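Encoded as structure tokens, the structure appears first; notes follow it.
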Amino acid sequence: MLPNPTWRKSMADLRIQLSRLFGLFFLLFAMGHQQAQAASPLTRVLMTTGAFSEREGVVFVAQDQGFFRKYGLDGRFVHVRSGPVGMTALAAGESQFHVGSVTGATLGAIAEGSDAVFVAGLINKLTGTFMVGTKIKSPADLKGKALGVSSMSGGSWIFTMLALDHWGLEPKRDGITIRVVGDDSVRAQAIASEVIDGAQLGYMFSSVLKNKGYRALADLAQLPIPYQGTGVLVRRSFIAASPDTVEGVLKGLVEAIGFTQDPGNKPLVMKSLARGLRLPKVEDAAEGYQSLTNLYERRIYPNIEGLRNVIRLLGAGNEKIRRLKAEEMVDDRFVRKMEKEGRF
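In the working numbering, the protein residues as written are 431 to 774.
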């Protein structure tokens, strides 16, 4: 017997309704899955820095453009008083990352048993300008003068000592006084008020003095001095416990570097710099922006030769630092993985 036409129509209608119901079910399931993913809490990550210059601009950009959030991270970037404070916070587990250069504080902490290592090198050279008073014409004129730093054995001190070493100058022999003055803005004011005769400054603060007629003795980035500049420090114990977090932070930073180096993003990068450095006007970040495009490297490998150079400098007066091995202060597994993935 052939099926009743009415029955066939009813079955067809039923199949259509079932198809629609299944389609609606899968749509609601997909939407619920997406909402559940969106509602997943971000992993909080605290990063510190003891520096206060355009060198940290890539972290400001990563925050503002959501590159950390892209990898499930709520990245908080905090400026602390100095590098030693940042390293202390890292050692105590109060922070997970420290963004800074190789300094006496870094080497001293590791020499005393800290398990901190460099997982990336964002800037692998000296940076900034060595600014001096108008009467100083050459490095030789620094003899008998007073130079300012932010702290003894900190980043600005290391920059200053490496520059003096490159110029064949030695503070004790040549009567050069090193004074702890403060961060870049304070050192710039100290030069202008003749409290000190010179100092290493970031490019933005250097430009302010240049406009007032003060002399730039050297752009330190142009000097052939091996150095591990701004890098990312993490404890080995944290790497073992949270490798995905470390990888996420580094991926966010690499994307921020690419974003920074794209000329089309200049207005947004300058805005991030102005905000991060608390500049009164976005236009004041122009000099810093210009320097950023040339300082960062997409291949963010730590600079082992730069580490050796500072071990040499500081190890002359410290046996524990002299025994450090640059290769043991680096963990580049994440950078190597990122390069294999074609991220740079």
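Beta carbons: idealized from backbone N, C-alpha and C, even for Gly. Note that the structure is predicted; figures quoted are calculated from it, not measured.
State the Cα-Cα distance for the pair residue i and residue j, rounded to the nearest angstrom.
i      : j      : result
Ser512 : His528 : 11 Å
Ser721 : Lys555 : 13 Å
Phe456 : Thr473 : With a pLDDT of 45 at Phe456, under the threshold of 50, the modelled position of that residue is not reliable, and the figure given next carries that caveat. Phe456 and Thr473: Cα-Cα distance of roughly 30 Å.
Tyr501 : Met759 : 26 Å
Ser520 : Glu769 : Looking at the sequence provided, one finds Leu at residue 520 rather than Ser. C-alpha separation (whole angstroms): 27 Å.
Met477 : Ala629 : 27 Å
Trp597 : Lys575 : 15 Å
Glu771 : Thr723 : 24 Å
Pro673 : Pro732 : 18 Å
Glu735 : Leu743 : 13 Å
Arg666 : Phe548 : 10 Å
Ala593 : Thr559 : 11 Å
Ile751 : Ser583 : 13 Å
His463 : Lys767 : With a pLDDT of 46 at His463, under the threshold of 50, the modelled position of this residue cannot be trusted, and the question is left open.
Phe764 : Lys681 : 9 Å
Pro693 : Leu754 : 41 Å
Pro435 : Ser470 : Here the model assigns Pro435 a pLDDT of 45, short of 50, so the residue's position is not dependable, and the following value carries that caveat. Pro435 and Ser470: Cα-Cα distance of roughly 52 Å.
Gly688 : Gly487 : 12 Å
Leu572 : Ala651 : 20 Å
Ser702 : Gly718 : 11 Å
Arg506 : Phe497 : 12 Å
Leu647 : Gly745 : 28 Å
Ser623 : Asp714 : 21 Å
Ser544 : Ala756 : 14 Å
Thr607 : Ile566 : 15 Å
Gly706 : Asn641 : 23 Å
Ala671 : Leu503 : 16 Å
Val510 : Val712 : 23 Å
Lys602 : Pro697 : 46 Å
Gln493 : Ala716 : 20 Å
Glu542 : Pro514 : 13 Å
Val508 : Thr660 : 15 Å
What are the boundary residues of the beta strand (DSSP E) that residue i is part of?
i      : result
Asp604 : From DSSP, Asp604 is part of no beta strand (DSSP E) but of the alpha helix (DSSP H) over Pro601 to Asp604.
Phe507 : Leu503 to His509
Thr607 : Thr607 to Val610
Val529 : Phe527 to Gly530
Thr559 : Thr559 to Val562
Gln658 : Careful: Gln658 lies outside any beta strand (DSSP E) and carries neither H nor E.
Ala648 : Arg645 to Asp649
Val638 : That residue, Val638, is in no beta strand (DSSP E); its alpha helix (DSSP H) goes Tyr633 to Asn641.
Val765 : It is not in any beta strand (DSSP E) - Val765 instead sits in the alpha helix (DSSP H) that spans Arg763 to Lys770.
Leu754 : Per DSSP, Leu754 belongs to no beta strand (DSSP E) and is neither H nor E.
Leu476 : Thr473 to Thr479
Under 7 Å between the Cβ atoms of residue i and residue j?
i      : j      : result
Ile730 : Ala550 : yes
Ile553 : Ala546 : no
Ser581 : Val610 : yes
Gly632 : Glu484 : yes
Met561 : Leu639 : yes
Ala686 : Val491 : yes
Asn748 : Pro656 : no
Leu725 : Thr557 : yes
Arg773 : Val684 : yes
Ile588 : Thr533 : yes
Gln658 : Leu737 : yes
Val475 : Gln526 : yes
Ile626 : Ala620 : yes
I need the boundaries of the alpha helix (DSSP H) containing residue i, first residue and last residue.
i      : result
Thr536 : Gly534 to Ala541
Arg665 : That residue, Arg665, is in no alpha helix (DSSP H); its beta strand (DSSP E) goes Gly661 to Arg665.
Ala582 : Checking the sequence, you will find Met at residue 582 rather than Ala. Here Met582 belongs to no alpha helix (DSSP H), and DSSP marks it neither H nor E.
Val547 : That residue, Val547, is in no alpha helix (DSSP H); its beta strand (DSSP E) goes Ala546 to Gly551.
Val488 : Gly487 to Asp494
Val760 : Premise fails: Val760 is in no alpha helix (DSSP H) and is neither H nor E.
Asn402 : This structure leaves residue 402 out entirely; the chain is present only between 431 and 774.
Taking the alpha-carbon of residue i as reference, which of the options has the nearest alpha-carbon?
i      : options                           : result
Val489 : Glu600, Val740, Arg773 and Val699 : Val699
Gly530 : Phe498, Val664 and Pro569         : Val664
Ala570 : Gly584, Ile588, Asp595 and Ser586 : Asp595
Gly643 : Gly563, Lys602 and Thr690         : Gly563
Gly678 : Phe507, Arg499, Ser470 and Gly661 : Arg499
Gln495 : Lys711, Asn695, Glu713 and Leu754 : Asn695
Ser568 : Arg645, Glu524, Val508 and His509 : Arg645
Asp649 : Asp504, Arg506, Thr590 and Met517 : Thr590
Asp762 : Ile621, Asp714, His509 and Val676 : Val676
Arg728 : Asp714, Ile741, Leu707 and Thr690 : Thr690
Glu600 : Leu577, Leu707 and Lys711         : Leu577
Gly612 : Ser586, Lys602, Val515 and Ser544 : Ser586
Gly516 : Gln493, Asp504, Gly523 and Thr479 : Thr479
Gly523 : Met634, Ile741, Leu707 and Ile669 : Ile669
Ser615 : Lys602, Arg603 and Met634         : Met634
Ile741 : Ala535, Thr660, Lys711 and Pro514 : Ala535
For a cutoff of 7 Å on Cβ pairs, would you count residue i as touching chain C?
i      : result
Ile606 : In the displayed structure, chain C is absent; only one protein chain is listed.
Report task. Kindly provide the ranges of any beta strand (DSSP E) runs that are 3 or more residues long and lie completely inside the segment 657 to 729, ordered along the chain. Result -> 661 to 665
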